[in-house]
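Q:
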Amino acid sequence: MIRLVARVAACHVQERRDFLGHVGGDDFTVVFQSANWAAQCRCMIEKFNTQAAHLFDERDRQRGGIEAQDRQGFSQFFALTTLSIGAVEVHPGDFGNAEQVANAAAAAKQSADGMALWGQEAGQTT
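Residue numbers (the working numbering): 4 to 129.
1. Assuming residue 51 and residue 23 make a contact with CB atoms under 8 Å, what is their CB distance in whole Å?
2. Tell me, please, which residues DSSP counts as bridged to residue 75.
3. How many Å lie between residue 114 and residue 108 at the Cα?
4. Three Cβ pairs or more, each shorter than 8 Å: is that satisfied between the segment 23-38 and the segment 67-80?
5. Report the start-end ranges of each beta strand (DSSP E) in the segment 11-36 that is 3 residues or longer and not cut off at the edges.
6. Look at the alpha carbon of residue 59 and the alpha carbon of residue 103, and state the distance between them as a whole number of angstroms.
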C-alpha cells in the first residue's frame, strides 16, 4: 500500500514545481506550488482508492472490507484501504514561522482521517 501511495502521488506532482517526500510509515508530504493542487489531490484519492481496492479479492471488495484481528487480538471488520489528504494552503503572511505551518499541517493530517479532502487556509477549515 505504501508503494502504491508513492506511485500515485508521484504521478500527480510536477517534478520542477512540487516536492514529494516520505515522512515515514504511511505518511507522505507533498509541497505543491502548482495552482491545480486541489484537483491533483482529488485525483490522487480517486486513483489510489480504485487501485487499492484491486489489491483485495472480489469477496472482500463486495463486502467493503476484511475481517481480521485488531492490535488487541479481537476479530474486527476493517474497511477497504482508502487515502485521505490533509492540506494547508500557505500564502505570504499567513504564518509567522515554519513551526506554525508544521502545526497546521499536523492538525490537517489528524482531521483528514475518514475524509476525502480536508483543507486549511489561514486557520480556517474548509
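Even glycine gets a Cβ: it sits at the ideal position worked out from N, Cα and C. It should be emphasised that the depicted structure is a prediction, and the values quoted were computed from it without experimental measurement.
A: Taking the structure as given:
1. In fact, because the Cβ distance is near 14 Å, the residues do not count as touching under 8 Å.
2. Beta-bridge pairing links residue 75 to no other residue.
3. C-alpha separation (whole angstroms): 10 Å.
4. Result no; under three Cβ-Cβ pairs closer than 8 Å.
5. Correct list: 22-27 and 30-34.
6. Distance between residue 59 and residue 103, taken at the CA atoms: about 39 Å.
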